[in-house]
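Only one structure is covered here, and it is reproduced in the block below.
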Amino acid sequence: MACCRPRCTICLLSVAFIFIVAIVCSYIFLFLVPYENIKFHVRDASLTQFNLTSDDDTLHYHLAVNITVRNTNKKIGVRYDNITSTANCYGKDFGLVSLTPFRQGHKNTTLLRAVFQGNTSLRLQGSQLMDFTNDQRNGNYSIFLKLDGLLMLKYHGGGSGSNIQWNYNVRCGLLRLPLSLANSSTDQAVYPRLFNKRRCKLSYYLGVII
């Protein structure tokens with residue numbers, strides 16, 4: 001009996017190890033792999049107004065950005081809700097827009113267009129003001145773009161636990177944008193010159209099984 005106990009212990013440890021490995025593999029398959037197969041890219045952008053008035057620290061802006069969302073999963077659809085896009089410059093947010101929720105099938109690409117237009121208080125000091133002044137002199141402005149929202153995976157076949165909802169955020173890094181010309185006859189921005197598309201980084205957290 002005494003010699004049987006070590007063997008039983010080894011068997012129990014082996015079963016526990018296999019169980020843990022199975023859980024880890026399931027987590028990777030259900031969560032990590034599908035999200036790695038969702039790709040966000042900035043395809044083009046247009047900045048037709050970006051003027052900071054010195055007397056009242058008001059930024060007047062007009063920025064349009066085209067973003068593609070590609071779902072490369074073979075058997076998983078995606079639903080995007082509560083989508084917001086934020087534009088940031090010199091460490092300060094200056095524009096926020098809400099985008100239309102949408103569903104996306106497998107092996108599918110969706111085009112999003114975010115347009116930021118208006119004015120906001122933007123007080124720059126120290127290095128921030130120096131960066132803006134240098135960009136104004138060079139004619140290229142530093143813009144950061146991000147998206148946030150809810151993302152739900154839709155597994156084919158349905159059933160309990162087939163819908164997994166996550167909060168997500170997308171960071172598209174630094175965009176160096178020149179001021180574009182506007183069409184005076186229509187007062188519409190001449191659409192942006194093509195530039196190398198930029199891949200954005202997708203992060204996700206707080207998953208909920210529905």
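Oh and the sequence shown: position 161 is 161 in the UniProt record's numbering, straight run, nothing missing. C-beta atoms are modelled at their ideal positions from N, C-alpha and C, and glycine is treated no differently.
Taking 8 angstroms as the limit between beta carbons, can you name the residues of its chain near residue i, skipping five residues before and five after?
i	result
F94	L59, Y61, A87, N88, F116, T120, L122
G159	In this prediction, G159 scores a pLDDT of 47, lower than 50, which makes its location untrustworthy; no coordinate-derived value is stated.
Would you kindly check if the distance between the Cβ of residue j and the Cβ of residue i is under 7 angstroms?
i	j	result
P178	G149	no
I83	V42	no
R176	K201	no
S49	Y90	The sequence shown places Gln at residue 49, not Ser. It is not a contact, given that the beta carbons lie outside the stated cut-off.
N169	S142	no
L147	S85	yes
Any idea what DSSP makes of residue i, helix, strand or coil?
i	result
N134	helix
G95	strand
residue 213	The structure shown has nothing for residue 213, since the chain only spans 1 to 210.
P101	coil
N140	strand
K197	coil
S203	strand
If you follow the beta strand (DSSP E) that residue i is part of, which residue opens it and which one closes it?
i	result
S121	108 to 121
Y80	76 to 89
T58	58 to 71
S46	38 to 53
Could you confirm whether any beta carbon from chain C is found closer than 7 angstroms to the beta carbon of residue i?
i	result
K75	Among the chains of the structure shown, chain C does not appear; only one protein chain is present.
What whole-angstrom Cβ distance do residue i and residue j have, given they're in contact under 8 angstroms?
i	j	result
T100	R70	Rounded, the Cβ-Cβ distance is 18 angstroms, inconsistent with contact.
L153	V78	6 angstroms
F132	L174	Actually they do not touch by this definition, with Cβ atoms about 14 angstroms apart.
R199	K39	7 angstroms
Between which residues of its own chain and residue i is the CB-CB distance below 6 angstroms, once the five residues before and five after are set aside?
i	result
N51	H60
G98	According to the sequence displayed, residue 98 carries Ser and not Gly. Only T84 meet the Cβ criterion.
G105	G77
Excluding sequence positions up to five away, which residues of its chain have a Cβ less than 7 angstroms from the Cβ of residue i?
i	result
R103	G77, R79
L124	Y90, F132
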